[in-house]
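The block underneath contains the structure these notes are about, expressed in structure tokens.
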Amino acid sequence: MTIRAKKSRASRGSFQSSESLSAAARIIRKGRRFLVATHRNPDGDALGSALALAAGLRKFGKTAKVYDADPVPGPLRFLPGSSKVSRTLGNKEMFDATFVVDCSNLIRVGEVFLSHPGKGPTVILDHHARGARDGDLRVVDPNAASSGVVVHRLLRRLGLEIDRAIATSLYVTLVTDTGNFRYANTDAGVLSLASALVRAGANPDAVSRALNDMAARGRLDLLKRALGTLELFDGGRIGCVTVTRAMLRRSGARIEMADDFVDYPRTLASVEIAVLFRESKEGWRVSLRSKTYADVGAAAVRLGGGGHRRAAGFTLPGAFPAVKRRTLTVLRRELSKYPVYKRKTAC
Ligand code: 5GP
Ligand code: MN
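Numbering follows our numbering, with no gaps: position 226 of the sequence shown is 696.
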């Protein structure tokens, strides 16, 4: 069957509208076979959103295949349905429509996905304000704390009851993208959705243990090495840590075990922008976090990546000294926009 996703004015804009949500719901009602995909190096919001949506589609009597080009990171393997996330997409597989969650830039899903002929219309469910605007229909709310919030709205629009498995996945999207309910995007709406999800069966204690307290020894060994690389710039306002492939090898750790290392330089009182440099196959993967005023999303876009005001990232090829120099130049320019009197540090 063919489903045509009409590009409405609202769906092309960056803000989610009730209209685009209804259009997405219509696509689900009409179709039978769906693909749910998310970006490479998936995090808790990416996989939580994908698994919640797929579970919802199945409750609605549809088939849903969840695709990610990279494996599910160890700490997220407790997510219901995560063992069935597929890393392959056969050329002959046909779908009535494809949902891409937590990502507005289809190249981040991977080359195989991009060139797959059987995707049908592509619906983006996301909360990134910046960067690419791919997709035939976009349900994007930059004010949503996680992509899971957008998925939740869509499931509710379809009249679906949120069961324990879906609640757990959606709860993980909130925990991941609010930094355990600590970042500036933690508001009354987030806490009330979290409360509803807990009422529907999500278990905060079990989720926290699975995400934070199940690490392999190699992760701590890697952290020890990474903390040894701590460097401060710009009078202490920029704090960087670095993970090289040699460090991964020596500690027997995998690159995704360093996903939250950027939070360590951020804990320093003087630091406004925390940076994690990771040496990967694709080049230097750089994670940025800001604490109170700097817009690291804008900085990341300038370096070919994307993200939000307080959390963003990009990947640069080349030698480390050059990558570091380029990154610091852009970050210093961002910080220079905020003279001392404009910096807001109080609660
Ligand atoms: P993380 O540092 O946790 O990998 O990513 C933080 C935020 O920046 C996430 O919202 C993520 O989607 C975004 N981000 C990270 N790397 C990239 C990238 O290379 N391109 C784009 N467009 N966004 C990125
Ligand atoms: Mn997200």
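Where is the CB? At the ideal position from N, CA and C, for every residue including glycine.
Beta carbon of residue i nearer than 8 Å to that of residue j
i    : j    : result
G514 : T699 : no
F504 : T533 : yes
H622 : D611 : no
T508 : D572 : yes
L692 : A723 : yes
L801 : R627 : no
V677 : V642 : yes
A525 : G551 : yes
M717 : R695 : yes
L805 : A764 : yes
L663 : V620 : no
L595 : S617 : yes
A495 : L640 : no
F548 : A680 : yes
A761 : L630 : The sequence given here has Lys at residue 761, not Ala. It is not a contact, given that the beta carbons lie outside the stated cut-off.
R857 : A654 : With the chain covering only 471 through 817, there is no way to say anything about residue 857.
A776 : T785 : The displayed chain sequence assigns Gly, not Ala, to residue 776. Contact flag unset, no.
N512 : M684 : One point to set straight first is that residue 512 is Pro, not Asn, in the sequence displayed. No. Outside cutoff.
V582 : L559 : yes
Sheet register partners of residue i (DSSP bridge)
i    : result
T508 : V571
V800 : Note: V800 sits in no beta bridge, so no partner.
T712 : F747
R608 : I594
F784 : V756
S556 : Y537
R503 : T533
V777 : The sequence given here places Gly at residue 777; Val does not occur at that position. Answer is A782.
L523 : None, per the DSSP bridge assignment.
E701 : C710
Whole-angstrom C-beta distance between residue j and residue i, which should lie under 8 Å
i    : j    : result
V766 : L773 : The pair is not a contact, with the Cβ atoms about 10 Å apart (cut-off 8 Å).
D606 : V593 : 7 Å
A770 : G783 : 6 Å
A615 : V660 : 5 Å
A672 : A637 : 4 Å
N561 : P587 : 7 Å
R510 : R578 : 6 Å
R736 : V713 : Contact flag wrong, Cβ pair sits at about 16 Å.
L527 : I498 : 7 Å
I632 : A670 : 5 Å
Segment contact, 8 Å Cβ cut-off, at least three pairs: the stretch 702-709 with the stretch 730-744 = yes
Below 8 Å, can you find three or more Cβ-Cβ pairs linking the stretch 514-523 to the stretch 634-654?
-> yes
Should the stretch 532-546 be called in touch with the stretch 590-609, which here means at least 3 C-beta pairs below 8 Å?
-> no
Touching or not, the stretch 777-794 and the stretch 749-756, by the rule of three or more beta carbon pairs under 8 Å?
-> yes
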